[in-house]
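Notes to accompany the following structure.
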Amino acid sequence: MKAITVTPRTSNSARLRDIPQPTLDDVPGGRGVLVKVLRVGLDGTDKEINAGEYGAPPPGSDFLILGHESFGVVEQVGPAVTEVAPGDHVVCMVRRPGDSIYDSIAMPDFTLDETYHEHGINLLHGFLTEAYVDEPRFLIRIPGELRRVGVLMEPTSVIEKGITQAFEIQRRMKVWRPERAAVLGAGTIGLLAAMALRLRGLDVSTFGLDEPPYLNSDLIEALGARYLSTKRVSLPDASKEFGPFDLIFEATGFSPLAFEAMGELGKNGVLVLSSVTGGSRTTEVKSDALNLGFVLGNKVMFGTVNANREHFEAGVRDLATCQAHYPGWLERLLTHPIHGLEKYEKAFEALGERGAIKVYVEVAPLE
Ligand code: BGC
Ligand code: ZN
């Protein structure tokens, strides 16, 4: 069968390759689940891997199958599988357990290990292929009604982890009634974060680079949220007008903004950092003022990466609620469908295009 692979640490090495078909017996004890891949989303991480900046192949392999944002349908299950059945739609979790205590309690997203194992990213093959076999404990069932937007599940799990943690951390307050949120960044993650915060009733200001109107600002406004271009209004000015922000979700990929956001966080507020910034940028900050604001304002800032089953399941609920409140909104994020694995070069081109929100490969039709 076909797969899109890269030679990690080599730039522009993506290519179509023939690989052996997986079988149920790849998982022992009759616990295998054979999943037919339907759609796979691509993001900045895939771009970095194909640029040779990131990623590693599985031990013993000189290539890595790309793709971590999967959506598929169960084709066959082993005799000892009860959790899923043929015909069920599923998404596979990205990170596999390592050796720390968190790994042993199904929270590999909090691993203490230095190296982590992630499908399509680090040391484990991904899903940009026709089928894969895995254990039920790594699969999340997606209601068939969500199949058209199921490819958004993995990025949704990432924002769910950030927001779930923000609310858990804020239990320190006994009573926390967040009213105003700022989302920095209006890409897929920023849009999904704005959506999830609107579903929780917050007044949301989303900051993007581009000037409105364009698709992303329209999408923000369709949620009843506010889109602000940083070309027209600065973060401090906006926070005077629309803040103080009880929660700020940073998802721009531009690390200096994390420090700017620290200065605009309201008292008792929580700042969520989610940008994976692989570069080596440095910046100067007003350290006394920022530190003082955090101390006197009892503020919290935390980083978040990846997601575990709890966050995927929260994502399923939010995607379903979003479909009910804002019908058609999630579909509008799917701007760049690429038909067929063999068109992978187009997928990488689309990732850099203006107007691209979710680029995904349609490996097989949804039915
Ligand atoms: C993925 C996460 C992953 C992170 C770091 C992101 O693109 O969506 O699941 O943990 O990259 O590798
Ligand atoms: Zn990703």
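Residue numbers (our numbering): 1 to 367. Glycine residues also receive a C-beta, built at the ideal position from the N, C-alpha and C atoms. Quantities reported herein were computed from a predicted structural model and do not represent experimental measurements.
Name the two residues that bound the continuous beta strand (DSSP E) containing residue i.
i, result
"R17", "15-18"
"F207", "203-208"
"K69", "The displayed chain sequence assigns Glu, not Lys, to residue 69. Segment 69-77, the beta strand (DSSP E) holding E69."
"Y116", "Element bounds for Y116: n/a, residue is neither H nor E."
"S229", "226-229"
"G436", "An answer regarding residue 436 cannot be provided, because it is not within the stretch 1 to 367 covered by the chain."
"E221", "Not the beta strand (DSSP E): E221 falls in the alpha helix (DSSP H), residues 215-222."
"E362", "359-362"
Hey, how far is the Cα of residue i from the Cα of residue j?
i, j, result
"V233", "G243", "14 Å"
"L223", "D318", "13 Å"
"L368", "G87", "Here the chain comprises residues numbered 1 to 367, so residue 368 is not present and cannot be evaluated."
"V40", "L292", "45 Å"
"N50", "K346", "13 Å"
"T282", "P256", "8 Å"
"V73", "T156", "19 Å"
"K36", "M1", "11 Å"
"E221", "D203", "12 Å"
"R31", "G78", "5 Å"
"D113", "A307", "16 Å"
"E313", "F138", "12 Å"
"F148", "F167", "Just to set this straight, residue 148 is Arg in the shown sequence, not Phe. Distance between the alpha carbons of R148 and F167 is about 29 Å."
"E48", "A258", "21 Å"
"H117", "D210", "35 Å"
"A324", "E331", "13 Å"
Given residue i, which residues of its chain have a CB within under 8 Å of its CB, disregarding the five upstream and five downstream residues?
i, result
"I65", "A3, I4, T5, I19, G120, H125, G126, F127, L128, T129"
"A356", "T335, H336, A350"
Using C-beta distances below 7 Å, list every residue in its chain close to residue i, excluding the 5 sequence neighbours before and after it, in chain order.
i, result
"I159", "I189, L192, A193, A196"
"G44", "G253"
"D99", "D113"
Compute the distance between the beta-carbons of residue i and residue j, then report whether it is under 7 Å.
i, j, result
"L81", "P136", "Rather than Leu, the amino acid found at residue 81 in this sequence is Val. The answer is yes: Cβ separation under 7 Å."
"F63", "L38", "no"
"D246", "G269", "yes"
"L273", "G303", "yes"
"P8", "G67", "no"
"V91", "I140", "yes"
Could you tell me the boundaries of the alpha helix (DSSP H) in which residue i lies?
i, result
"T5", "Looking at the DSSP string, T5 is not in any alpha helix (DSSP H); the run it does join, the beta strand (DSSP E), is 2-6."
Using a Cβ-Cβ cut-off of 6 Å (strictly less than) and excluding sequence neighbours within five positions of residue i, which residues of its own chain qualify?
i, result
"Y102", "F110, T111"
Contained alpha helix (DSSP H) runs [length at least 4] in the segment 238-324, N- to C-terminal order: 256-264, 287-296
Length-filtered (4 minimum) alpha helix (DSSP H) runs lying within the segment 126-211: 153-169, 188-199
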